[in-house]
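Read top to bottom, the protein sequences are chains A and B. Quick note on our numbering: the first sequence kicks off at 4 and runs consecutively. Quick note on our numbering: the second sequence kicks off at 4 and runs consecutively. First comes the structure, then the notes that go with it.
Number of protein chains: 2
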Amino acid sequence: MRGPLHSAPVGTISLAIGEPSFDTPNVIRDAMLKALASGATHYCDQFGLMPLRETIASDERRSRRRSITVDDVLVTHGASAGLAAVILGVVNPGDVVAIEDPTYSLYADLVAFAGGTVTTFRRNQNGELDADSLHDAVRSARLVIVCQPSNPTGAILSSSDWGLIVEATRINQSLILSDEAYASLIYDGNAFTSILDVPGLETRGILCQTFSKKFAMTGWRVGYLLGPSELIAAASVVHRTFNGSVNTAVQYAAITAISDAQPDASRMLMEYAERRVVMEDALSSVSGLEARTPAGAFYFHCRYADSRDSTGLSRAATAAGVLVRPGREFGPAGEGHIRLSFAAAPEDIWEGIRRLSSVLDMSTERE
Amino acid sequence: MRGPLHSAPVGTISLAIGEPSFDTPNVIRDAMLKALASGATHYCDQFGLMPLRETIASDERRSRRRSITVDDVLVTHGASAGLAAVILGVVNPGDVVAIEDPTYSLYADLVAFAGGTVTTFRRNQNGELDADSLHDAVRSARLVIVCQPSNPTGAILSSSDWGLIVEATRINQSLILSDEAYASLIYDGNAFTSILDVPGLETRGILCQTFSKKFAMTGWRVGYLLGPSELIAAASVVHRTFNGSVNTAVQYAAITAISDAQPDASRMLMEYAERRVVMEDALSSVSGLEARTPAGAFYFHCRYADSRDSTGLSRAATAAGVLVRPGREFGPAGEGHIRLSFAAAPEDIWEGIRRLSSVLDMSTERE
Numbered sequence: 004m005r006g007p008l009h010s011a012p013v014g015t016i017s018l019a020i021g022e023p024s025f026d027t028p029n030v031i032r033d034a035m036l037k038a039l040a041s042g043a044t045h046y047c048d049q050f051g052l053m054p055l056r057e058t059i060a061s062d063e064r065r066s067r068r069r070s071i072t073v074d075d076v077l078v079t080h081g082a083s084a085g086l087a088a089v090i091l092g093v094v095n096p097g098d099v100v101a102i103e104d105p106t107y108s109l110y111a112d113l114v115a116f117a118g119g120t121v122t123t124f125r126r127n128q129n130g131e132l133d134a135d136s137l138h139d140a141v142r143s144a145r146l147v148i149v150c151q152p153s154n155p156t157g158a159i160l161s162s163s164d165w166g167l168i169v170e171a172t173r174i175n176q177s178l179i180l181s182d183e184a185y186a187s188l189i190y191d192g193n194a195f196t197s198i199l200d201v202p203g204l205e206t207r208g209i210l211c212q213t214f215s216k217k218f219a220m221t222g223w224r225v226g227y228l229l230g231p232s233e234l235i236a237a238a239s240v241v242h243r244t245f246n247g248s249v250n251t252a253v254q255y256a257a258i259t260a261i262s263d264a265q266p267d268a269s270r271m272l273m274e275y276a277e278r279r280v281v282m283e284d285a286l287s288s289v290s291g292l293e294a295r296t297p298a299g300a301f302y303f304h305c306r307y308a309d310s311r312d313s314t315g316l317s318r319a320a321t322a323a324g325v326l327v328r329p330g331r332e333f334g335p336a337g338e339g340h341i342r343l344s345f346a347a348a349p350e351d352i353w354e355g356i357r358r359l360s361s362v363l364d365m366s367t368e369r370e
Numbered sequence: 004m005r006g007p008l009h010s011a012p013v014g015t016i017s018l019a020i021g022e023p024s025f026d027t028p029n030v031i032r033d034a035m036l037k038a039l040a041s042g043a044t045h046y047c048d049q050f051g052l053m054p055l056r057e058t059i060a061s062d063e064r065r066s067r068r069r070s071i072t073v074d075d076v077l078v079t080h081g082a083s084a085g086l087a088a089v090i091l092g093v094v095n096p097g098d099v100v101a102i103e104d105p106t107y108s109l110y111a112d113l114v115a116f117a118g119g120t121v122t123t124f125r126r127n128q129n130g131e132l133d134a135d136s137l138h139d140a141v142r143s144a145r146l147v148i149v150c151q152p153s154n155p156t157g158a159i160l161s162s163s164d165w166g167l168i169v170e171a172t173r174i175n176q177s178l179i180l181s182d183e184a185y186a187s188l189i190y191d192g193n194a195f196t197s198i199l200d201v202p203g204l205e206t207r208g209i210l211c212q213t214f215s216k217k218f219a220m221t222g223w224r225v226g227y228l229l230g231p232s233e234l235i236a237a238a239s240v241v242h243r244t245f246n247g248s249v250n251t252a253v254q255y256a257a258i259t260a261i262s263d264a265q266p267d268a269s270r271m272l273m274e275y276a277e278r279r280v281v282m283e284d285a286l287s288s289v290s291g292l293e294a295r296t297p298a299g300a301f302y303f304h305c306r307y308a309d310s311r312d313s314t315g316l317s318r319a320a321t322a323a324g325v326l327v328r329p330g331r332e333f334g335p336a337g338e339g340h341i342r343l344s345f346a347a348a349p350e351d352i353w354e355g356i357r358r359l360s361s362v363l364d365m366s367t368e369r370e
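Below is the structure:
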């Protein structure tokens, strides 16, 4: 998610931000300085800097306990370019791509660029994947894209959700792309199952990862794809054609992020966990806003009591001094919701939700 | 051009390099450090950092003496992503795109991604655009792409070449994209006419520029598009979908490049000018290699006396300890040529050409 990029009046509170409020940890910035000083100012390999690919492969191997080599890793210009590389690399005109509704809007945009058609699946009232809608959506899908923890809902895929996906796509052998940008932000000790840990997806599952959220590096633009080497090779053709190589010194900094900035990531996670409680408390104190507490990421996907659509309500909120994202941005099923980010200072969370509640007409007549 | 990315045996000389041999000037690296220290680690506007867009607009306005505003400027992930943004933004499946033969291979790759068809035009023996081939190629072209100074030939477009292009595309009002990555590297006081200075192209001409060559910033990945705001807006949709925003701190460094690193750029230009003479001398001392002295960039496009095709000869050269680029990479008309880079140390230029001459069989039987 890209943050709100228009300027707002002074005093406006943003609960729309899609990035960490923290600056990048110093240890990572220092690594960048060192790389630049040592002359890392030239092009590098278009698959990514070999020491970074090795570090990523080794790090994921340790977490995943499966065989991963550097040939399975492509360094990308953030998750955006990684998603683009996979989608443009494997989706041909007319191909069907199944995504959740609601979900991060970039997937459908990229599928449209590739000339593909989107089908959607949903979750049921218990927050589990709805088996019927999933089966319908993936019936002829070339690719299925999941986002977990979800932007905007914070939901994660349980083992049984994954089981449904594997089962539903077994006959077609659809490719599965899992955007796990927020995977480091999991609360309450919830179990998180990366696509890399799902049996049956070894040859058709691709992870899209980024340094942006975990290490507060959104402005650095570095991420990676990890999957079967043939799929990585296909994605690399797109990435090198559209992007060329990735910033060399940034890749040295990314190595340091993995090796030396885990304590910083843990510290930020604890801070987000506290803010999540703050937002939960703030929401419970007002009428007309309700949300399932997210398992991960840093958003509440709130259902609201108001007669306006989410775009109209967001506009009214802006006028009242608080920025939010309209749920409609994330798909038809996002309508009737707004997305509130708790990657904001605690006092801003309280005041932002107070302002928001003040504009609700408490009517739900549109439903 | 991306440099050779495979590793070669120790002692191998590279005349294949597509980037400055210089590290990025210190003043630019220092600006990056300062930006990082001040917290420029977050997402920025997807059109580019406003102060950078203002600096670019102001800098180009001063050189060009025409009206240029920030709405005409899109900051891109290097020239690669700029080219991709224009080509994917304006070329629809089935559209014709005219390019020179030979030219930088990325254009045709991107046109293929967009589903377009390539037609080609050539220069005559005097190095001028061939009017007939140009008229044929652009007849139904949606877009014409020029590269000047040319990679691989170093040729630039004279006023009369530009006049031919304007005339040939007047009826269709084809869009013209000019890749001027090497525009800062012009020798012997040759007159260089940027697309921004061509009368008649104000509403359909787009400049693609990069900080890579002029400021030795290939590893930084920052460039820009400059053209009519409607075309820039179309390109921006592609760029933000495929790339998101560009590294924020890098954009601060790019501001400093424009404002404070012109003396460094001049120093590097003088150095390249000397190396060009070295390569000219080295070539004149051996038989079987001949080339027009390039007006710009840092390549000689050499015709060779040997029975092998350019791929075969390049392979033989590698075995003899010198890397070169086969002319065929740049199009059919590049066959029978190799591209030699003088962005290499003078002693390497001499020794590289000596090694190259040693593998020539001096036969030209394939022609």
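Just so you know, even glycine gets a beta-carbon here, dropped at the ideal spot from N, CA and C.
Distance from the CA atom of A/V169 to the CA atom of A/S143, rounded to whole angstroms, is 14 Å. Residue environment: B/Q254 is assigned as buried (16 or more neighbouring CB atoms within 10 Å of its CB, all protein chains considered). The beta carbons of B/P28 and B/A264 sit about 5 Å from each other, so the pair counts as a contact at 8 Å.
Contact note: B/C47 reaches chain A through G222, using a C-beta cutoff of 7 Å and chain order. Here the alpha carbon of A/V147 sits roughly 12 Å from the alpha carbon of A/T120. The alpha carbon of B/M53 has as its nearest neighbour, out of B/L36, B/V249 and B/V114, the alpha carbon of B/V249. Sixteen is the threshold: when 16 or more other Cβ atoms of the shown chains lie within 10 Å of the Cβ of B/M220, as they do, the residue is buried. Here A/V280 is exposed: its Cβ has fewer than 16 other Cβ atoms, across all protein chains shown, within 10 Å.
DSSP, reduced to helix, strand and coil, places A/L292 within a strand of the structure shown. DSSP places B/V114 inside the alpha helix (DSSP H), whose first and last residues are L109 to A117.
Around the Cβ of A/D191, a 10 Å sphere holds fewer than 16 other Cβ atoms; the residue is exposed. Counted as a single uninterrupted DSSP element, the beta strand (DSSP E) harbouring B/E103 occupies residues V99 to E103.
Excluding sequence positions up to five before and after A/P349, its CB lies within less than 8 Å of the CB of E277, R278 and V281, all in the same chain and listed in chain order. Taking a contact to require three or more Cβ pairs closer than 8 Å, the stretch 40-53 of chain A and the stretch 235-252 of chain A qualify as touching. The beta-carbon separation of A/I352 and A/F345, rounded to 6 Å, stays under the 8 Å limit for a contact. Here DSSP, grouped into helix, strand and coil, assigns B/S181 to strand.
For A/A43, the residues of chain B that pass the 8 Å Cβ criterion are G222, in the order they occur in the chain. Between A/R278 and chain B, the shortest Cβ-Cβ separation is not below 7 Å. Nearest Cα to B/D75 within the set B/T213, B/G315, B/I261 and B/S232: B/S232. Contacts with chain B at 7 Å (Cβ-Cβ) do not include A/L343. Distance from the CA of A/E63 to the CA of B/L178, rounded to the nearest whole angstrom, comes to 46 Å.
Listed along chain A, the residues sitting closer than 7 Å to B/H80 by beta-carbon distance are H80 and N246.
The three-state secondary structure of A/H340, taken from DSSP, is strand. With a cut-off of 8 Å on Cβ pairs, the stretch 68-86 of chain B is in contact with the stretch 235-242 of chain B, counting three or more such pairs. Considering only beta carbons, the part of the stretch 248-265 of chain B lying closer than 8 Å to chain A consists of S248, V249, N250, T251, A252 and V253, in chain order. Across the structure, A/S269 and A/D26 are spaced so that their CA atoms are roughly 15 Å apart. In this structure, B/A19 sits near B/R328, with a CB-CB distance shorter than 7 Å. Counting C-beta pairs closer than 8 Å gives three or more between the stretch 157-164 of chain B and the stretch 122-137 of chain B, which meets the contact rule. Exclusion of the five residues before and after A/I31 leaves A256, T259, A260 and A264 as the residues of its chain whose Cβ lies within less than 6 Å of its Cβ. Runs of the beta strand (DSSP E) lying entirely within the stretch 308-368 of chain B, each at least 3 residues long, are 340-344 in chain order. Leaving aside the five residues that flank A/A171 on each side, the residues in its chain whose CB is nearer than 6 Å to its CB run, in chain order, L137, H138 and V141. The three-state secondary structure of A/V78, taken from DSSP, is strand. For B/L55, the uninterrupted alpha helix (DSSP H) run begins and ends at M53 to R67, by DSSP.
Of the candidates B/E338, B/N95 and B/L343, B/E338 places its Cα closest to the Cα of B/G330.
In the DSSP assignment, no residue is bridged to B/T251. Our two residues, B/L229 and B/C211, have alpha carbons roughly 7 Å apart in a direct line.
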